[in-house]
Each structure stands twice: as C-alpha cells, then as structure tokens.
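Numbering follows numbering that gives the first Met the number 0, with no gaps: position 54 of the sequence shown is 53. To keep things clear, I will list the structure first and then write my remarks on it.
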Amino acid sequence: MSDKNKGGRPPAPPGLRRVNVPLRLPEWLVQWMAEQAETPAELIEAALLKAHKLRPPRAP
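Structure below.
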C-alpha cells in the first residue's frame with residue numbers, strides 16, 4: 000500500500016524548497032505586510048531579490 004499515490008503537489012526540487020526562518024520585524028513593517036495582497040514571504044523574497052540583484056536557481 001505504500002506505493003499508492005496519495006495525490007497532492009509533488010515535492011519541490013532541492014534548492015527550491017521553502018524553509019521556515021522565524022524572524023523578528025518591526026510592528027509597522029508587519030502591519031504594512033498584512034495590508035498587502037501578497038504573502039509576507041512573497042514580499043520579503045521579492046525585496047531581497049531586487050535589493051541584492053539575486054536570481055533564483057532554475058528547476059532542473
């Protein structure tokens with residue numbers, strides 16, 4: 000029975016998996032992020048990519 004497909008989304012490739020990183024932010028920033036349509040993770044990722052001119056790795 001362990002071979003049965005349980006459905007759901009397949010796991011992300013290594014290097015693209017999301018990792019929980021607890022951090023402390025100022026209240027005003029948390030409040031602003033809560034008012035945005037994007038999730039806090041999406042906002043932080045986009046800001047870091049732009050600020051540091053990063054490019055995420057491509058899926059193999």
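Even glycine gets a Cβ: it sits at the ideal position worked out from N, Cα and C.
6 Å CB neighbourhood of residue i in its chain, flanking five on each side removed
i	result
P56	G14
Delimiting residues of the alpha helix (DSSP H) encompassing residue i
i	result
Q30	26–34
Residue i versus residue j: straight-line alpha-carbon distance, rounded
i	j	result
A45	M32	13 Å
A50	E37	18 Å
A40	A58	20 Å
G7	R16	16 Å
Which of helix, strand or coil DSSP assigns to residue i
i	result
P44	The displayed chain sequence assigns Glu, not Pro, to residue 44. DSSP places E44 in helix when its eight states are reduced to three.
Neighbourhood of residue i by C-beta distance below 8 Å, restricted to the same chain and skipping five residues each side
i	result
E26	none
L47	L53
Spatially closest choice to residue i from the options, by CA coordinates
i	options	result
P21	K52, I43, R8	I43
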